[in-house]
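Residue numbers (our numbering): 6 to 57.
The C-beta atom is built at its ideal place from N, Cα and C for all residues, glycine as well.
Every value quoted in this text rests on a predicted model; they were computed, and no experiment measured them.
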Amino acid sequence: MERMTYFQGKIKETIEDYLVELRQPSNKDLEFVSVEDTNKSLSNHCNGLGRL
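Shown next, in the form of structure tokens:
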């Protein structure tokens, strides 16, 4: 159970970091990231954690 909480915390941190990056207007590369790509990369990340 403790392990699950740890990973949930990690996922939350990752998502928060990602959202902070998306708010940075100076990073032009992120303008080309589509919502679909974002969802896909987040779901891949979560699936990867589920396999640990």
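Between the CA atoms of S48 and E7 - distance to the nearest angstrom: Indexing the sequence shown from 1 puts residue 7 at position 2. Indexing the sequence shown from 1 puts residue 48 at position 43. Each residue's Cα considered, the two are about 22 Å apart.
Where R8 falls: helix, strand or coil (DSSP): Within the sequence shown, residue 8 is the residue found at index 3, counting from 1. Residue state for R8 is assigned as helix, using DSSP reduced to three classes.
I20 versus Y11 - alpha carbon distance: Your numbering for residue 20 matches position 15 in the sequence shown. Your numbering for residue 11 matches position 6 in the sequence shown. In a straight line, the C-alpha of I20 is about 14 Å away from that of Y11.
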